[in-house]
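J.: First residue of the sequence shown? That's 1 in full-length UniProt numbering, and the numbers climb one at a time after it.
Glycine included, C-beta positions come from ideal geometry on N, C-alpha and C.
The structure displayed is predicted, hence computed values, not measured ones.
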Amino acid sequence: MICLAIDTATTDLVVGLVEVAGDVREPCVTTIAARETPTRSHNELLVPTVNELLAHAGASYGDLSAVVAGCGPGPFTGLRVGMATASAYGQALRIPVHGICTHDAVAYQLQALTGADGDILVVTDARRREVYWAHYRAGNGCPTRVAGPAVNAPGDLRGVIEAGTADSTADSTGNIDVMSVPEPLRPGITLEAQTVTYQAPTPEAMVAVVAASTGLDAEPEPLIPLYLRRPDAKEPALKPPSPALRGL
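#1: Enumerate in chain order the residues of its own chain whose CB-to-CB distance from Glu-130 is below 6 Å, with the five nearest sequence positions on each side excluded.
#2: Would you mind stating whether Tyr-136 and Arg-145 have Cβ atoms separated by less than 8 Å?
#3: Tell me the residue span of the beta strand (DSSP E) that contains Tyr-132.
#4: Quick one: grab the DSSP three-state call for Leu-113.
#5: Tell me the DSSP secondary structure of Ile-100 in three-state form.
#6: For the stretch 214-226 and the stretch 155-163, state whether three or more C-beta atom pairs, one from each stretch, are separated by less than 8 Å.
#7: Would Asp-23 be called buried (16 or more neighbouring beta carbons within 10 Å of its own) or exposed?
#8: Using DSSP with H/G/I as helix, E/B as strand and the rest coil, what is Arg-127?
#9: Measuring straight from C-alpha to C-alpha, what distance separates Thr-10 and His-103?
#10: Does the Cβ of Pro-203 have 16 or more other Cβ atoms within 10 Å, making it buried, or fewer, making it exposed?
#11: Should Ala-21 be labelled buried (16 or more other beta-carbon atoms within 10 Å of its own) or exposed?
#12: Report all residues from its chain with a CB closer than 7 Å to the CB of Val-106; omit the five preceding and five following residues, and keep chain order.
#13: Using only alpha-carbon positions, find the residue among Pro-96, Asp-117 and Gln-194 that is nearest to Val-207.
#14: Mapping DSSP to helix, strand and coil, what is Ala-33?
#15: Report the residue from His-98, Thr-39 and His-42 whose alpha carbon sits nearest the alpha carbon of Ala-66.
#16: For Asp-117, count neighbouring Cβ atoms within 10 angstroms of its own Cβ and tell me buried if that reaches 16, exposed if not.
#17: Taking Met-206 as part of the alpha helix (DSSP H), name the residues at either end of that continuous run.
#18: For Arg-229, which residues of its own chain have a beta-carbon under 7 Å away from its beta-carbon, when the five flanking residues on both sides are left out?
Have a look at this one:
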């Protein structure tokens with residue numbers, strides 16, 4: 001089967017075609033074609049990128065068996081673009097659409113990349129001098145999320161993670177072994193850990209997370225965006241009517 005993976009939770013547009021073979025619970029997952037584009041123009045580039053990857057792979061929309069969509073955490077506009085497009089593909093093609101936490105995919109590939117066997121931290125830029133983060137414990141196949149996703153100031157992460165670990169029953173020490181963080185944000189984070197410069201979720205990791213958790217053959221849950229905070233745009237306050245209009 002061929003899965004289409006889409007993530008628009010960050011400033012990177014991630015799109016890929018992933019082939020899944022073998023047992024649906026422990027499949028062999030292979031990238032056919034993928035593209036990661038640093039951009040804030042997700043809406044303009046997403047569908048053309050999907051079309052280009054299908055053409056490059058010699059495939060068509062009819063060859064797709066499922067869609068995997070990153071559900072954040074991320075900003076309102078970016079998430080809405082990717083998730084709405086994924087849902088539209090699913091409805092039009094009558095194929096399942098599986099949603100995942102974007103950080104889960106990054107943690108999966110961090111474990112594979114570094115061989116981490118302890119705690120993993122995934123950090124992405126939330127703007128407004130804040131970060132989105134999620135804390136994981138490495139495991140067989142797929143890391144287990146023990147805290148998050150949440151949004152905090154970079155300097156608060158250490159205290160938040162240590163406090164959360166003390167209150168958790170998860171097998172976690174609170175000592176982060178490896179973390180993924182955007183380079184400009186690293187100085188503000190006081191945690192000591194092996195640092196991997198920000199990793200965007202790969203399509204292969206996104207599909208592998210679904211296979212390792214619910215399974216690609218399972219009935220997908222509704223897509224729920226992880227906004228974590230209200231959008232920047234606000235409705236303007238109502239103004240009282242002009243005195244000149246009284247009595248009209």
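T.: Let me lay it out:
#1: For the purposes of this step, residue 130 is taken as the residue at position 130 of the sequence shown. Excluding sequence neighbours, Glu-130 sits near Val-151 and Ala-153.
#2: By one-based count along the sequence shown, residue 136 stands at place 136. By one-based count along the sequence shown, residue 145 stands at place 145. Contact flag set, yes.
#3: One-based indexing of the sequence shown puts residue 132 at position 132. From DSSP, the beta strand (DSSP E) with Tyr-132 extends over 130-137.
#4: Your numbering for residue 113 matches position 113 in the sequence shown. Leu-113: helix per DSSP, three-state reduction.
#5: If you number the sequence shown from 1, residue 100 lands on position 100. It is a strand residue.
#6: Output reads no: the stretch 155-163 does not touch the stretch 214-226.
#7: Against the sequence shown, residue 23 aligns to sequence position 23. Exposed: under 16 other Cβ atoms inside 10 Å.
#8: Here residue 127 is taken as the residue at index 127 of the sequence shown, counted from 1. Annotated three-state conformation of Arg-127 is strand, per DSSP.
#9: The residue labelled residue 10 in the question sits at position 10 within the sequence shown. The residue labelled residue 103 in the question sits at position 103 within the sequence shown. When rounded, the distance between both Cα atoms is 11 Å.
#10: In the sequence shown, residue 203 corresponds to position 203, counting from 1. Pro-203 sits buried, since 16 or more C-beta atoms from the chains shown fall within 10 Å of its C-beta.
#11: Numbered from 1 along the sequence shown, position 21 holds the residue referred to as residue 21. It counts as exposed.
#12: Taking the first residue of the sequence shown as position 1, residue 106 is located at position 106. So the list reads Val-122, Ser-180, Gln-199 and Pro-201, once near-sequence residues are dropped.
#13: Mapped onto the sequence shown, residue 207 falls at position 207. Minimum Cα distance to Val-207 is reached at Pro-96.
#14: Translated into the one-based positions of the sequence shown, residue 33 becomes position 33. In this structure, Ala-33 counts as strand in the three-state DSSP scheme.
#15: Within the sequence shown, numbered from 1, the residue matching residue 66 stands at position 66. For Ala-66, the nearest C-alpha among the options comes from His-98.
#16: Against the sequence shown, residue 117 aligns to sequence position 117. Exposed, since its Cβ has fewer than 16 Cβ neighbours within 10 Å.
#17: Start at 1 with the first residue of the sequence shown, and residue 206 comes out as number 206. Looking at the DSSP string, the run of the alpha helix (DSSP H) that includes Met-206 is 203-212.
#18: Residue mapping note: residue 229 aligns to position 229 of the sequence shown, counting from 1. Closer than 7 Å at the Cβ level, and outside the excluded window around Arg-229, lie Val-151.
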